[in-house]
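Following: one structure in structure tokens, then a few remarks.
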Amino acid sequence: MKTKKLRIIKMCLIAVAVVFPISICILPSFNALQTNFWIWAGYVAYLLFMTFFMSMFREHKYDARDVDNKEIHITQELLKERNKWGSFL
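Residue numbers (full-length UniProt numbering): 1 to 89.
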């Protein structure tokens with residue numbers, strides 16, 4: 001249920017991000033907003049917020065165990081290399 005709500009929220013955020021600049025450029029009643037700096041600054045702030053929100057709830061392809069296992073594997077490989085070269089001395 002939680003993922004379904006998040007997916008709906010993400011779609012709404014994306015829809016607003018796409019429709020807002022198009023509506024400002026096309027609709028004649030919004031022509032005055034095309035040259036307003038604060039409207040575009042607010043839009044950029046919205047895009048930054050949306051990017052942060054999307055990245056915060058993205059689906060991770062790995063978990064902490066995978067990272068720990070990878071670090072352990074790298075450490076073991078480094079120890080093998082050190083032991084291999086230490087045997088020649």
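Just so it is clear, CB atoms sit at the ideal spot from N, CA and C, and this is done for glycine as well. Keep in mind that this is a model prediction, so the values were computed, not measured.
Exercise for the section: Report yes if the C-beta distance between A17 and L48 is below 8 Å; otherwise report no. Expected result: If you check the CB distance, A17 and L48 do not come in under 8 Å.
Problem - Delimiting residues of the alpha helix (DSSP H) encompassing A41 - result: Following the DSSP letters along the chain, one finds A41 inside the alpha helix (DSSP H) bounded by residues 37 to 56.
Exercise for the section: Pick helix, strand or coil for L79, following the three-state DSSP scheme. Expected result: If DSSP states are grouped into helix, strand and coil, L79 belongs with the helices.
Practice task
Would you please state the rounded distance, in angstroms, between the beta carbons of L13 and F57? I believe it to be under 8 Å.
Solution key: Incorrect: roughly 11 Å between the Cβ atoms, too far for contact.
Exercise for the section: From the DSSP output, in three-state form, read off L27 for me. Expected result: If DSSP states are grouped into helix, strand and coil, L27 belongs with coil.
Practice task
Could you pull out every residue in the same chain whose Cβ sits closer than 8 Å to the Cβ of T82, ignoring the five residues on either side in sequence?
Solution key: A small correction: the amino acid at residue 82 is Arg; Thr does not occupy that position in the sequence shown. Listed in chain order, the non-local C-beta contacts of R82 below 8 Å within the same chain number zero, local neighbours out to five positions each way being set aside.
Practice task
May I have the straight-line CA-CA distance separating I8 from A15, to the nearest angstrom?
Solution key: Taken atom to atom, the span from the alpha-carbon of I8 to that of A15 is near 10 Å.
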